[in-house]
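Here this note's numbering is used: the first residue of the sequence shown is 14, the next is one more, and so on.
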Amino acid sequence: MTGAEFAETDCYAANGPTDDVTFATQLRVGGLFVILVASAIGAFIPLLSRNNRLPKVFVLGQTFAAGVVLATGFVHVLPDADTALSNPCLGFTTDFPVAFVLAAFAAILTLAIEVSIAALLRAGLTPRGVDVKQSAPDEKEQARTQANIMSYTLEAGIIFHSIFIGIGYGASTDLNIIKPLSIALLFHQGFEGLALGSSFVLAGYSRLKYGLMAAAFILITPIGIAIGLGISSSFNSNSRAALASEGAFNSISAGILIHTALVGLLHPMFTEQQGHPPLKGWLMPFAMIFALAGCGAMCVIAIWA
């Protein structure tokens, strides 16, 4: 077989079965439920701890979660996007970093959208016909509004790439990939749930809204896995449509996640913000260490996922 023939087969053939299709299917189905439970545990830990008497511990947990989000964007999602958009099976090759450009534009557009929404909401909080200086919105209310916007953008970024993670996992039939990926996704989803739940606590959501927002995250990856299982016999991850959609959505997700981690989660903790006094004393260096720990944990997971 020539190189051209191999490339053509590689691009157009569906994912091939393994020697033990039944065991591979059982492993993926089991992984679906384990990942669902891990996502739920991670997402609801912040809810259970938001009324505790150790607020400093919760702050450290928030910075750890921010590091998780940052590494997810840089180490997990963006490289996957670049791989997809650089794949020769797309039908063209280029040295231009398409994925990185899309991520950069997504980060800037996310900032523009957040600023615009925040301005509109602030205008709504100020009564008409009253001097803005005399009737400035409460600082805590502004901070909560900003936290609301940040939590929505974070959830959007996570959901965009989680569906593709699920489809890829569910469609895989290679046991050498499924086994380590199952363990990696267990921690990956748990840490992401922790980050997302922390953002919900900052936004001050009611238990009902918290539960609904968490449910969307908890279910999206298992839904992707179920889709992948359903199409595993015919799914071709190297088709043009699969590569283009995965690359584009992952690029956008990476930009959103990177922006949210730096601007929405980390920056307000270390600087004077409305409603957010900066961290002081021993808490600041420890918060930095925990942010690095969260980032490092996701970097280690990237070895397998």
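Built from N, CA and C at the ideal position, the CB exists for glycine as well.
Inset, instruction - Indicate whether glycine 294 and leucine 83 have their beta-carbon atoms separated by less than 9 Å. - result: no
Legend entry - Residue environment, isoleucine 316, which counts as buried when at least 16 other CB atoms sit within 10 Å: exposed
Legend entry - Distance between alanine 229 and serine 62 (C-alpha atoms, nearest Å): 21 Å
Inset, instruction - Could you tell me whether the segment 251-258 touches the segment 155-162, using the rule of 3 or more Cβ pairs below 8 Å? - result: no
Legend entry - Cβ distance (whole Å) where glycine 181 is taken to contact isoleucine 236 below 8 Å: With 8 Å as the limit, glycine 181 and isoleucine 236 do not qualify as a contact, their Cβ atoms being about 13 Å apart.
Legend entry - Cβ neighbours of glutamine 75 in the same chain (closer than 6 Å, five flanking residues each side left out): Ser211
Inset, instruction - Determine the closest residue to arginine 157 out of Val214, Met297, Phe77, Leu199, with distance taken between C-alpha atoms. - result: Val214
Inset, instruction - Could you check which residue in Ala227, Leu194, Leu270 has the C-alpha nearest to that of alanine 56? - result: Ala227
Legend entry - Assigned secondary structure, proline 101 (DSSP; H/G/I helix, E/B strand, else coil): helix
Inset, instruction - Starting from tyrosine 223, follow the alpha helix (DSSP H) in both directions and report where the run begins and ends. - result: 220-244
Inset, instruction - Taking leucine 305 as part of the alpha helix (DSSP H), name the residues at either end of that continuous run. - result: 296-314
Inset, instruction - Locate the alpha helix (DSSP H) running through phenylalanine 283, then write down its first and last residues. - result: 280-283
Inset, instruction - Compute the distance between the beta-carbons of serine 52 and glycine 206, then report whether it is under 9 Å. - result: yes
Inset, instruction - Give the DSSP-derived three-state secondary structure of aspartate 187 in the structure shown. - result: coil
Legend entry - Cβ distance (whole Å) where serine 175 is taken to contact threonine 96 below 8 Å: That pair is no contact at about 18 Å.
Legend entry - Three-state secondary structure assigned by DSSP to asparagine 263: helix
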